[in-house]
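Q: Questions regarding the structure given below will be posed in turn.
Protein chains in written order, with the numbering used here: chain A, 1 to 186; chain B, 1001 to 1503.
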């Protein structure tokens, strides 16, 4: 099932499917396919936001899902599957960067996208550019929080598990970051 | 906290500013096909342990206090440590004699806690004095990763007095616990006569190689936990019977076709209380006396505590809303938003959601065939075309009836909150689902085709006895005989449970 709703409660409820899908996926490739459908785009976007290259993002996305498929038998249904999957993605990216590829700034990665819709038209392009620039000047850990929340679309609970922090602490960190960004915009 | 809450508009701006392109559909389909061909054996290679966000300061305070009176009532649970949770006393527990630090060139590595169990050692350390968190670069020391079998220089090892090096356990029993760079867990039995160990660390996680001192060795001593000593905050086992009140259990109304069945009699059991300085932690379970075998979980909706002054204090759940991880009878951990007054405490749960998954419980309560229905969409289904259906199911006694299927496209069912659009899932069916009018439910269903997967529902919580459930597919409307499987049913239990503890 794919649900891209940003509503926290809705996301949480939909997450309830995942353990059953994970259990089924151990024996059933089709079930893994459903997990893949649910996560491939968030994982890809998250990776793209760090590598800024379609080719490299596709390569790392492939590695991520292949590794997840291979390791699924070792995944324990005690945490959030998404956190486990994104940890694999982080591992693959670190492997990638360790081989000498440089991480691109969010500004550079975002500039590639030229998506227009009604909402986008309402928000002035220069305002988005300014926000992106401010985010680009955050620390790596702060940028990562923003990426996980607004690019990968993870819930606070998922980010908390991924980062080994408490959910309320993650929420506070994100909100403080947003408050700081907003004050810098004014 | 509320003054920090960002406006939805600003969050949306950030989201738009961070907008990244989706993967090319051709790539997505190609990778999917590769995965569906079967397991892929990855060639082992050295992998850099990932990196981010494990905070430098794992400020886990270990408080050793002596409270013999309470300790006598502790039973199996030994204590509660913030950010750690309950610490079990399974016998023979040894702990760090005292925090120990080594400082070099302004950088301090401190072992803050060690728990030595029969089968493992849990260690936590922190680092101060590093000016910059440096990650994801080629010359980074590294971090940890639970999903591979390799080690990085950032992994803390344990050296025994005989020189044996113990590495943290990534693939075995404690794989899941080994997620944090500075909280290693070692699968090792430490003999009782060994009281001195050394933590060995080649370089400090997240630092740039060469920036800070490397090759750390931090020796530490263990002590047995003396009788009557509590590690962390004392845990009060609620051994007295707690009064559990509940309204009359709901039942379905009977019809000629579907006779009423009793709903589970749900009770709440308050099991542990941990008074902290600024809050109180409660552990309680939700149990079903006659729960259907397909019942997976009963999860509270609202919880609060009423103290001796009559104050009603909200309780915040310290867990993810994952029914499969909170099976019936397991403990829920809740922390009060503020410190209740001394005296009796009454924990109240208002409403709960019961989750039933007949195909995913052991032993399985239904086969996919039993939970499926088929309708004939014909060879060329058209948008708006509707099929009247009458497929009835019973899940744990609750009636569920599929009354129609309607061919819909993305534009028919999308909501503004789906900011990423259809992602290629454009065609599908909307099913009208009904239950007994007395039942507020939510269901999960699947069109059993690989190209279907995007679900949109009218209810995401059980708030109604009816539900419109849409699932969208790629390429085209599924045609011919379309098979749909019901995977899960969630039922709102409108009731109040409360348990009172008297000190």
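A virtual CB, placed ideally from N, CA and C, is assigned to each residue, including glycine.
Computed from a predicted structure; not experimentally measured.
1) Helix, strand or coil for residue 1224 of chain B? Go by DSSP, reduced to three states.
2) Are the CB atoms of residue 1447 of chain B and residue 1413 of chain B within a distance shorter than 8 Å?
3) I want to know whether the segment 1300 to 1309 of chain B touches the segment 1332 to 1349 of chain B - three or more CB-CB distances under 8 Å.
4) Tell me which same chain residues have a C-beta within less than 7 Å of the C-beta of residue 68 of chain A, skipping the five on either side of it?
5) Suppose contacts are defined by Cβ-Cβ distances below 8 Å. Is residue 1393 of chain B in contact with residue 1427 of chain B by that definition?
6) Going by DSSP, name the residue or residues bridged to residue 1467 of chain B.
7) Quick check on the burial criterion: 16 or more other C-beta atoms within 10 angstroms. Buried or exposed for residue 1008 of chain B?
8) Taking the DSSP output, what are the residues bridged to residue 1428 of chain B?
9) Any Cβ of chain A within less than 8 Å of the Cβ of residue 1295 of chain B?
10) Taking residue 1459 of chain B as the reference, give the member of B:1451, B:1270, B:1469, B:1453 with the closest Cα.
11) Whole angstroms are fine: how far does the CA of residue 1286 of chain B sit from the CA of residue 1199 of chain B?
12) Residues of chain B with a CB under 7 Å from the CB of residue 151 of chain A: which are they?
13) Is it buried or exposed for residue 157 of chain A, if we count other Cβ within 10 angstroms and need 16 for buried?
14) Can you give me the start and stop residues for the alpha helix (DSSP H) that residue 1275 of chain B sits inside?
15) Going by other Cβ atoms of all chains shown within 10 Å of its Cβ, with 16 needed for buried, is residue 1291 of chain B buried or exposed?
16) Quick check: the Cα distance between residue 1283 of chain B and residue 1318 of chain B, rounded to an integer number of angstroms?
17) How many Å lie between residue 1100 of chain B and residue 1212 of chain B at the Cα?
18) Within 10 angstroms of the Cβ of residue 1104 of chain B, are there 16 or more other Cβ atoms? Answer buried if so, exposed if not.
19) So, is residue 1189 of chain B buried or exposed, given that buried needs 16 or more other C-beta atoms within 10 angstroms?
20) What's the C-alpha gap between residue 958 of chain B and residue 1119 of chain B?
21) Find the residues of chain A that neighbour residue 1013 of chain B, judging by a C-beta separation of less than 8 Å, and give them in chain order.
22) Given a threshold of 16 other Cβ atoms within 10 Å of its Cβ, counted over all protein chains shown, does residue 1353 of chain B qualify as buried or as exposed?
23) Are any of the Cβ atoms in chain B nearer than 8 Å to that of residue 60 of chain A?
24) Can you pull the DSSP bridge partners for residue 1493 of chain B?
25) Once you ignore the five residues that flank residue 1214 of chain B on each side, which residues in its own chain have a CB closer than 7 Å to its CB?
26) Scan the segment 31 to 83 of chain A and note each continuous beta strand (DSSP E) run of 3 residues or more that stays entirely inside, going in chain order.
27) Give a yes or no on whether the minimum CB-CB distance between residue 1477 of chain B and chain A is below 8 Å.
28) Can we say the segment 1018 to 1027 of chain B touches the segment 21 to 28 of chain A, given the rule of at least three CB pairs closer than 8 Å?
29) For residue 37 of chain A, would you say it is in contact with chain B, using Cβ-to-Cβ distances shorter than 8 Å as the test?
30) Going by alpha carbons, who is nearest to residue 52 of chain A out of A:96, A:65, A:80?
31) Shorter than 8 Å from the beta carbon of residue 184 of chain A to some beta carbon of chain B?
32) In the DSSP assignment, what are the bridge partners of residue 1236 of chain B?
33) Do residue 1264 of chain B and residue 1289 of chain B have their beta-carbon atoms positioned less than 8 Å apart in this structure?
34) Rounded to the nearest angstrom, what separates residue 59 of chain A and residue 1219 of chain B at their Cα positions?
35) Kindly list the residues whose CB is nearer than 6 Å to the CB of residue 1365 of chain B, restricted to its own chain and excluding five residues on each side of it in sequence; keep chain order.
36) Is there a C-beta anywhere in chain A that falls below 8 Å from the one on residue 1431 of chain B?
A: Straight from the coordinates:
1) strand
2) no
3) yes
4) 85, 88
5) no
6) B:1433
7) exposed
8) B:1408, B:1472
9) no
10) B:1469
11) 42 Å
12) 1018, 1020
13) buried
14) Element bounds for residue 1275 of chain B: not the alpha helix (DSSP H) but the beta strand (DSSP E), 1266 to 1275.
15) buried
16) 10 Å
17) 19 Å
18) exposed
19) exposed
20) It is not possible to answer for residue 958 of chain B, since the shown part of chain B is limited to 1001 through 1503.
21) 123, 127, 128, 131
22) buried
23) no
24) B:1352
25) 1202, 1203
26) none
27) no
28) no
29) yes
30) A:96
31) no
32) B:1273
33) yes
34) 44 Å
35) 1293, 1294, 1358
36) no
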